[in-house]
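What follows is a short report on a single structure.
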Amino acid sequence: MYRNDSWSKGKFTCIVGEIDLLAQHETNAEWLIVELKKDKPSDAAIGQTLRYMGWVRMNMARHQGSVRGAIIASAIDDALYFALQCVPTLEAFTYSISGGRIDLCRFDSTKRFMDGLSTEQIRELLEDPRIRGSQ
């Protein structure tokens, strides 16, 4: 984690807001901004995270190295899903809490698509020769 006097209760305060978690790679010029959302966020969370990423790129990374972002939330809605498709430097993760344990899962758009299909639709896809690679 990045450490300096700007930390306050686990957050990093800058002129564009409070970054929930800010991490810097120990040896590389790589930065990670993590935005934590207790509930299901809207696509506004992307704008918020990108604002933090831009500030870090200009003020801490000094246009060198990479700046990536992650949004961690209990669920991902359609608006956030579609907005994420155009931002390759930003990932989303979902979390669940069970028995005092927090499980984190990288958001997978393929899984999201498959979860929306019925068993019959999945069977039809798997039997389709174009999907199986047959001519």
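For the sequence shown, the numbering used here begins at 60 and goes up steadily by one.
By construction, the Cβ of each residue, glycine as well, lies at the ideal position given by its N, Cα and C atoms.
Can you tell me where the alpha helix (DSSP H) holding residue i begins and where it ends?
i: alanine 55; result: A query on residue 55 cannot be resolved here, the shown segment of the chain reaching from 60 to 194 and no further.
i: valine 115; result: 103-118
Have a look at residue i and residue j and give me their C-alpha separation to the nearest angstrom.
i: tyrosine 111; j: serine 177; result: 39 Å
i: threonine 148; j: arginine 127; result: 5 Å
i: glycine 106; j: valine 146; result: 11 Å
i: alanine 103; j: aspartate 136; result: 11 Å
i: isoleucine 74; j: glutamine 83; result: 19 Å
i: alanine 88; j: glycine 159; result: 35 Å
i: glycine 91; j: leucine 81; result: For the record, residue 91 in the displayed sequence is leucine; it is not glycine. Roughly 6 Å between the two C-alpha positions.
i: arginine 182; j: serine 157; result: 32 Å
i: alanine 120; j: tyrosine 140; result: 28 Å
i: serine 125; j: isoleucine 161; result: 28 Å
i: leucine 109; j: threonine 86; result: 24 Å
i: phenylalanine 166; j: arginine 116; result: 25 Å
i: alanine 138; j: glutamate 186; result: 31 Å
i: aspartate 150; j: glutamine 144; result: At residue 150 the sequence reads glutamate, which differs from the aspartate that was named. Straight-line Cα distance between these residues: approximately 9 Å.
i: glutamate 77; j: glutamine 180; result: 44 Å
i: glutamine 123; j: alanine 129; result: 19 Å
Considering only residues of the same chain and omitting the five flanking positions on each side of residue i, which have a CB-CB separation below 6 Å?
i: leucine 163; result: Phe152, Tyr154
i: alanine 142; result: Asp102, Ile105
To the nearest whole angstrom, what separates the beta carbons of residue i and residue j, a pair I think is in contact under 8 Å?
i: isoleucine 131; j: lysine 99; result: Incorrect: roughly 12 Å between the Cβ atoms, too far for contact.
If I measure Cβ to Cβ from residue i and keep anything under 8 Å in the same chain, skipping five residues before and after, which residues do I get?
i: serine 133; result: Lys96, Lys97, Asp98, Lys99, Thr153, Tyr154, Ser155
i: tryptophan 114; result: Cys73, Ile74, Val75
i: asparagine 118; result: Cys73
Ends of the beta strand (DSSP E) at residue i?
i: phenylalanine 152; result: 149-157
i: lysine 70; result: 70-73
i: valine 93; result: 89-95
i: glutamate 77; result: 76-78
i: glycine 124; result: It is not in any beta strand (DSSP E) - glycine 124 carries neither H nor E in the DSSP assignment.
i: aspartate 162; result: 160-165
Excluding the five sequence neighbours on either side, which residues of its own chain have a C-beta within less than 7 Å of the C-beta of residue i, listed in chain order?
i: aspartate 79; result: Lys70, Val93, Glu94, Leu95
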